[in-house]
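Asker: Just dropping this structure here.
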């Protein structure tokens, strides 16, 4: 837990420099991956409550990073996309992540591969348990 917190703190400081939070970075990932996303998509992928995601979305919209629009196929659904400013911020965010690789630079390629597999295994098992609990 301490390692996770230290890495999170380093990311938090770096993201603050470009005006976003680590939580907003997660939202950026979900939108940029497919070009757009719904609040339900983001909520499900980030394992957060809808009201939490809605608060992040509203702040990002107020900062000109995203825009909302009604889905043309389903008028009750709102899709969220990045603005030009949002894409620029997302690119800066990706640059920050590239420099963050320094945290794992102390590991060999083999160790990094093992760590990635182990973390994925833990994540998959945890997600299965969460799904069973509903």
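In full-length UniProt numbering, the protein residues as written are 1 to 134. Every residue, glycine too, gets a C-beta built ideally from N, C-alpha and C.
1) Expressed to the nearest angstrom, what Euclidean distance is found between the alpha-carbon atoms of residue 79 and residue 33?
2) Determine the closest residue to residue 19 out of 29, 3, 59, 49, with distance taken between C-alpha atoms.
3) Is the Cβ-Cβ distance between residue 86 and residue 66 less than 8 Å?
4) Contact check, residue 31 vs residue 82 under 8 Å by CB: the rounded distance?
5) Under 8 Å by Cβ, that's how I've got residue 104 and residue 112 pegged, so tell me the actual separation to the nearest angstrom.
Answerer: In this structure, then:
1) Straight-line Cα distance between these residues: approximately 14 Å.
2) Each of 29, 3, 59, 49 was checked against the Cα of residue 19, and the nearest Cα belongs to 59.
3) Yes, these two residues count as a Cβ contact at 8 Å.
4) By a beta-carbon distance limit of 8 Å, residue 31 contacts residue 82. Their separation comes to about 6 Å.
5) The pair is a contact, with the Cβ atoms about 6 Å apart (cut-off 8 Å).
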